[in-house]
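Just so you know, the sequence shown maps onto residues 26 to 374 in the working numbering. Backbone N, C-alpha and C define an ideal beta-carbon position, used for all residues, glycine too. Have a look at the structure below before the remarks.
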Amino acid sequence: MKKNWMKIAVAGALLTSGSLVPGTALAGDNGPNGPGYTGTETIMNGRLHNYDEMVSFLEKLEQRSEALDLEIYGESVQGRDLYLAKFGTMDEDKPTILFLTQQHGNETLTTEGALEVIKYLSSNGKNVQDIIENVNVLIAPRLNVDGAEGDVNFSLDDYVSGTHTRYNANGVDLNRDHVDRNQPETKALHENVLQKYSPDYMIDLHHQGARTTLGETDELVSGSILYPTNSEVAPEVREQSKKLGSVVYHAIDSKGYGLLSKYVGGTAPTISRNGLAVEYGISTLLLEMRGMADHYREDYVLGQKSNGYLIQQAVTAMKATLNALADGSIDSADTSFWDTLPESSYNAE
Ligand SMILES: [Zn+2]
């Protein structure tokens, strides 16, 4: 049932984007101004991969694929295994990138996109060969496995759907725990992924409120991006992060559904975008996508109608980055767009 839905969603998104002039933001149902949660509909989060379905998906792919190496790198508060998908030789002379999703358990489509990319890299195409011969790829889907199951030590009674939460089982925001690493999920990520594989790049995929706009306009964005902004980040790391952002921006902007703003974010090193750049010199990018699976704020919840294009937006960002690392074109990426990219505003209505 799930596989059929995924196919339909992907086919629909491709059909829609293919019928449009590149760079034109959609005004219809499958763009950033498309439908969100109305306050009355039933949220159907059962269509997303739950934990068991995600693990089964990954294990089946590993059985079929020579390229995919699946590793368990830690355990959540509630005892769920944390999975890392690895592709490539892990030679130190090749660039290494980490895609991290769902530090916040209610930000689900990032993981759906990551699973699509893992499936893609497990296939045998020429483009896939080019990528895994030239890039070490690490994909850590769903860091907050407990929050994504709603299996937490606090009540979700005030949530719209009551199925997913931002916080881990102890009620901690994992993306504020990158200095102390008090939680088992962040501790495992640092010790068994970041320190073990020393990635050069990281894209941290999230979701934001459903009513984020491009500057002061009424135009809703499909997503927002930002590089590390902490003052301790080395200038060359920040510059390479901006290049990473350039690759992602131009890939998404060329899609009919794509409209990105500059995320307005803080400088705290407890956030992975900043902390990983400061501590390890990793070039990082935050990619925030529109709307969430669940929240206690109704205007943050998107519902499922826009899932197809948002999953594709995550896939587009990841594939474009892999291609730019594989052929080295990331080094000549034009970062000037950052100077004119409008910052996000929020129209809560
Ligand atoms: Zn988030």
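DSSP places Phe124 in the uninterrupted beta strand (DSSP E) bounded by 121-126.
Taken atom to atom, the span from the alpha-carbon of Asp319 to that of Gln233 is near 11 Å. Residues of the same chain with a CB within less than 8 Å of the CB of Leu214, apart from the 5 flanking positions on each side, are Tyr98, Gly99, Leu107, Leu125, Ala165, Leu168 in chain order. Within the chosen limit of 8 Å, ligand 1 reaches the beta carbon of His231 through at least one heavy atom. When the beta-carbon positions are compared, Gly270 and Glu313 stay at least 9 Å from each other. Straight through space, the alpha carbons of Leu163 and Leu109 are spaced by roughly 7 Å. Proximity to Ile296 across Arg201, Ser331, Ser279, Val246 peaks at Arg201, based on C-alpha coordinates.
With distances taken between CA atoms, Arg298 lies nearest to Thr254 out of Gln127, Thr254, Arg191. Contact between the region 218-226 and the region 118-138 is established, with three or more Cβ pairs separated by less than 8 Å.
Glu210 is the residue among Lys119, Leu95, Glu210, Tyr184 whose C-alpha sits nearest the C-alpha of Gln127. Under the three-state reduction of DSSP output, Gly333 falls in the helix class. Between the region 178-194 and the region 229-244 there are fewer than three C-beta pairs closer than 8 Å, too few to call the two in contact. In this model, Leu310 and Asp352 are separated by some 20 Å (Cα to Cα). Nearest neighbour of Asn159 by Cα position, chosen from Glu117, Val289, Lys144, turns out to be Glu117. Taking the Cα of Glu244 as reference, the smallest distance to any Cα among Leu73, Gly283, Glu87, Gly306 is reached at Gly283.
Note on Ala194: 16 or more other CB atoms within 10 angstroms of its CB, so buried under the neighbour-count rule.
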